[in-house]
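> Heads up: the protein sequence lines correspond to chains A and B, in order.
Counting along the first sequence from 1, when you hit position 32 you're at 113 in our numbering, and nothing is skipped either side.
Counting along the second sequence from 1, when you hit position 182 you're at 1439 in our numbering, and nothing is skipped either side.
After the structure tokens below, expect a handful of questions from me.
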Amino acid sequence: MRMQPSTDQRELIEAVAGPVAEILPLERLHKGADGERARLSSLAELGALAIALGEEHGGAGLTATEEALLFEQLGRQLASPSVLASVLAAHIAASQGNADMAGAIATGAEPAALAVPSPNGILLIDAGEAPAHVVLMGPDGPTLHAGDTLGGRKLLDDKLWNTPLEEAALTGTGARGDDSLAIRARLLCAAQLAGIAGTARDMAVDYAKLREQFGKPIGSFQATKHHCANMAIWAMASADQMSFAGVALADGRDDAAFQALSALSMAIRAARTNAGTNIQVHGGIGFSDEADPHMLLKAAHLWETIAGGEEAVHSALLAEESPLGGAWSAKH
Amino acid sequence: MEFGWTEQQQAYRQRIRDFLDKTLPDDWDNIALHGPGSPQQTAYSKEFCPKLHAEGLFVPHWPEKFGGRGGDSWDHFILGEELWQVGEPRGAQYMSVNWIGPVLMRYGSPEQQAKFLPEILGGKVTWCQGFSEPSAGSDLAALRTHAEPVEGGYSVTGAKVWTSYAGLGDYCFLLARTSSDRKGGIVILLVDMDSPGIQVKDIPSVIGRGDIHEVFFDEVFVPADRLLGEIGQAWEIINFGLANERIGIPRYAFSEKMLHRAVERLKKDGRYNDPVIQDRLGRVLALCQAARLLVYKVIDERSKAKEPNAYGNLARWSVVRADQAVNDFMTEFMPDGLLGADPLQTAHHQRAIAAGIASGAAEIQLNLAARRHLNLPGDR
């Protein structure tokens, strides 16, 4: 067993980081989230939707570790939740033995949209026109629903989180994947959030080296420097915890659920804290529409919601047992 | 890094636990409440450490030629986790095995190694760390304690403050300077604490007695053979020692133990399922877990003999943050523990208060991380 991904695993994902960034430049989001569907197809062509899908379904047959590292890169570029929806939908279809559907989703031919439960039904995120599938991120894990069971769609907002949010309703109960899929869903959310935290850190550090006040780069002042170092710690702690959880899940370890929840807890706070601090480091430009920082904060909030919220994550975490060192055991 | 403790590591951890069960006296918990530098714990450490060594568990990570077992950094850290969790029965001697010994092995003369290392292994000597001064805290290189070269050695005059474990210390790992050259002028002297001219004053504080002191040096003679390393090498040695010191105490182990106790008490009081408590507890638990993983990465690199890097600074800060988060949680939600209901909580509280200051203000770690890890420009 390994604690962290191997060098090979990391190099593989680093190799696709460039193409992912080309498909998903952050600038695209200034024009609103239109065109994300086309980008989903480009990601599918890259194989990004099928990295951990079995080879019999046209996937690359890699593990949850590579998949999580890929989602960190997707998170860095603020990929649409539809990417996660498609990946989870393909996993559910595959675990149900529906190879055709899994393949169609993974190639982008049948796009999926992500939704979370809401008091009035569901909150549908960046769904575009007539998604073929909907993945609902319920408290017990994701469920897969046919797009034609979707009704009552009403746009609520497309500014608040920089993405179209709709109220909608689903009929029927949807299909579940195997037991590990709930863990995988949390892991990939954690990865997406850790990616946001990393981008926020890089953006702040770059700006702190560039922007001058009092005749010096603001990054030379301790006030700014400490912000940046704190961001580095959040980004590193959340990314490490996430990749550690990825290895735990890939190895089928008993503590995978605990590690994924712990990663999610760290990643939620890392993304939110770093996105907020990045705006502070940028000063006024940080929250203007023309600059990038505000998009990270909006994405952090969006993904926290997709992950079920911090409180639910913490309750679930406490219900798990940590194996490390043997000091912690909530079940005693 | 391989994960999942190996069978050997699990057996090793169990061996430590069995040894502690067998060895610690019935009133150990009362001894441990006084803190590692207290007279009670120091006295007990001199009984305990020789037994620990006889069991092969005192310096398992030291090379065989210096009396260790040639184990790796994991052996060292598993040991530290178990001992720190029960309240550190090694007292101040943890410092000797964590970094004083390793520094002597790397930089000491053969004569110094032959004298000091066996003494450390004997388990009856304690060292104190003569670093900070009234005008040299975070800016350690501003230290002014003067070492005047005299015939046969040095005459040392100056004042140290916050000196850990000086009250009962046998030796001082002393930083002084022979010239005004900021870093190049510093020398390290291995000083007998019973040398004429040394005066030690306890600094009473919320963290208890015996841990921190003022130490005054008034023309204290230190023989030339007590100079560690070469002239001009001190700053390198200090950095090596500090890297071992920063990631030396597995504080998260004690933090997690306290969380465990908190859960037990909260359940007993019917408060465990309170949603606010659940949220805060989960948050703190994740912080402890993250700190542990960051430290493990540092230990992994250390076990592969890689040179210390900025990762240690980031890990150190994470450990401090986790420890303080546990303390904040308990202080906020179970303050009665600090008023007699749980003496161990009080002991943890005292250590957590010092965690962000001991071995250098935690903010210094942020400066180092900004410079070494993020390549941000310096402020001068």
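Just so you know, even glycine gets a beta-carbon here, dropped at the ideal spot from N, CA and C.
This structure is a prediction, so every number in the text was calculated from the model and none was measured.
Check the C-beta distance from residue 391 (chain A) over to residue 1593 (chain B) and give it rounded, since I have them as a contact under 8 Å.
With 8 Å as the limit, residue 391 (chain A) and residue 1593 (chain B) do not qualify as a contact, their Cβ atoms being about 27 Å apart.
> Looking at the strands, I want to know which residues DSSP matches up with residue 1343 (chain B).
Answer is none; residue 1343 (chain B) lacks a bridge partner.
> If we ignore side chains and look at the alpha-carbon of each, how far apart do residue 135 (chain A) and residue 245 (chain A) end up?
Approximately 32 Å between the Cα atoms of the pair.
> I want to verify the contact list: residues of chain B whose CB lies under 9 Å from the CB of residue 399 (chain A), in sequence order.
Near residue 399 (chain A) (Cβ distances below 9 Å), the residues of chain B are 1520, 1529, 1535, 1538, 1539, 1542.
> Check whether the Cβ of residue 1554 (chain B) lies closer than 8 Å to any Cβ atom in chain A.
By this cut-off, residue 1554 (chain B) is an interface position.
> So which residues of chain B does residue 363 (chain A) contact, with C-beta pairs closer than 7 Å?
What residue 363 (chain A) touches in chain B: nothing, since even the nearest Cβ is about 15 Å away.
> Does the beta-carbon distance from residue 1387 (chain B) to residue 1478 (chain B) come in below 8 Å?
In this structure, residue 1478 (chain B) does not lie closer than 8 Å to residue 1387 (chain B) by Cβ.
> Please report the distance separating the alpha-carbon of residue 405 (chain A) from that of residue 1533 (chain B).
The pLDDT assigned to residue 405 (chain A) is 49, lower than 50, so where the model puts this residue is not dependable, and the model offers no usable value.
> So, residue 1547 (chain B) versus residue 85 (chain A), is the Cβ gap smaller than 8 Å?
Cβ distance not < 8 Å, so residue 1547 (chain B) and residue 85 (chain A) don't count as in contact.
> Are residue 1446 (chain B) and residue 1399 (chain B) close, meaning C-beta to C-beta below 8 Å?
Cβ distance not < 8 Å, so residue 1446 (chain B) and residue 1399 (chain B) don't count as in contact.
> Taking the beta strand (DSSP E) that residue 1455 (chain B) falls in, what are its first and last residues?
Run containing residue 1455 (chain B): 1455-1459, per the beta strand (DSSP E) assignment.
> Closer than 8 Å, CB to CB, is residue 1546 (chain B) near chain A or not?
Yes, residue 1546 (chain B) lies at the interface with chain A (some Cβ there is under 8 Å from its Cβ).
> Ignore the nearest five residues each way along the sequence and tell me which others in residue 235 (chain A)'s own chain have a CB closer than 8 Å to its CB.
Closer than 8 Å at Cβ, skipping near neighbours: 247, 248, 249.
> For residue 391 (chain A) and chain B, any beta-carbon pair shorter than 8 Å?
Taking Cβ atoms only, chain B reaches closer than 8 Å to residue 391 (chain A), which makes this a yes.
> Please name the residue, chosen from A:164, A:148, A:374, that lies closest to residue 281 (chain A) on a Cα-to-Cα basis.
Ranking the options by Cα distance to residue 281 (chain A), first place goes to A:374.
> Comparing the C-beta of residue 300 (chain A) with each C-beta of chain B, is any distance below 8 Å?
Cβ-Cβ to chain B under 8 Å: yes for residue 300 (chain A).
> Using a Cβ-Cβ cut-off of less than 7 Å, give me the residues of the stretch 1556-1579 of chain B that come near chain A, in sequence order.
Cβ contacts with chain A come from 1571, 1574, 1575.
> Could one say the Cβ of residue 1551 (chain B) lies closer than 8 Å to chain A's Cβ atoms, at least one of them?
Chain A, which has a Cβ nearer than 8 Å to the Cβ of residue 1551 (chain B), makes this yes.
> Just to confirm, is the Cβ distance from residue 1354 (chain B) to residue 1305 (chain B) under 8 Å?
The answer is no: Cβ separation not under 8 Å.
> Work out the CA separation of residue 1506 (chain B) and residue 1349 (chain B) for me, nearest whole Å.
In a straight line, the C-alpha of residue 1349 (chain B) is about 12 Å away from that of residue 1506 (chain B).
> Taking the beta carbon of residue 354 (chain A) as the centre, do at least 16 other beta carbons fall within 10 Å, making it buried, or is it exposed?
By the neighbour-count rule (16 or more Cβ atoms within 10 Å), residue 354 (chain A) is buried.
> So for residue 1598 (chain B), helix, strand or coil by DSSP?
Coil, per DSSP.
> May I have the straight-line CA-CA distance separating residue 1345 (chain B) from residue 278 (chain A), to the nearest angstrom?
Residue 1345 (chain B) and residue 278 (chain A): Cα-Cα distance of roughly 37 Å.
> Under the rule that 16 or more other beta-carbon atoms within 10 Å means buried, what is residue 379 (chain A), buried or exposed?
Result: buried.
> What is the C-beta distance between residue 1570 (chain B) and residue 306 (chain A), in whole angstroms, given that I count them as a contact (C-beta under 8 Å)?
Going by Cβ atoms, the distance from residue 1570 (chain B) to residue 306 (chain A) rounds to 13 Å, so no, they are not a contact pair.
> When the Cα of residue 1602 (chain B) is compared with those of B:1614, B:1613, B:1588, B:1485, which residue comes out closest?
The candidate whose alpha carbon is nearest that of residue 1602 (chain B) is B:1588.
> Note down the Cα distance separating residue 1259 (chain B) from residue 300 (chain A), rounded to an integer number of angstroms.
The predicted position of residue 1259 (chain B) is uncertain, since its pLDDT is 43 and thus under 50; no value can be drawn from it.
> Is it the case that the Cβ atoms of residue 1317 (chain B) and residue 1336 (chain B) are separated by a distance below 8 Å?
Their beta carbons are under 8 Å apart, which means residue 1317 (chain B) touches residue 1336 (chain B) by this criterion.
> When DSSP labels each residue in this structure, what does residue 264 (chain A) get in the three-state scheme?
Residue 264 (chain A) falls in the helix class under three-state DSSP.
> What in chain A is Cβ-close to residue 1291 (chain B), meaning under 9 Å?
Near residue 1291 (chain B) there are no residues of chain A at all, since even the closest Cβ is about 23 Å away, more than 9 Å.
> Determine the burial state of residue 1530 (chain B): buried for a count of at least 16 other Cβ atoms within 10 Å of its Cβ, exposed for fewer.
By the 10 Å Cβ count, residue 1530 (chain B) comes out exposed.
> Decide if residue 1621 (chain B) is buried, meaning its Cβ has at least 16 other Cβ atoms within 10 Å, or exposed.
Buried, since its Cβ has 16 or more Cβ neighbours within 10 Å.
> Write down the C-beta distance between residue 289 (chain A) and residue 270 (chain A) rounded to the nearest angstrom, noting that I regard them as a contact closer than 8 Å.
The Cβ separation is near 29 Å, so there is no contact.
> Taking the Cβ atom as the reference point for each residue, do residue 225 (chain A) and residue 264 (chain A) lie within a distance shorter than 8 Å?
Not in contact: residue 225 (chain A) and residue 264 (chain A) (Cβ atoms no closer than 8 Å).
> Quick check on residue 1384 (chain B): does DSSP put it in helix, strand or coil?
In this structure, residue 1384 (chain B) counts as strand in the three-state DSSP scheme.
> Taking residue 200 (chain A) as the reference, give the member of A:251, A:191, A:155, A:189 with the closest Cα.
Looking at the Cα atoms, A:251 is the closest of the given residues.
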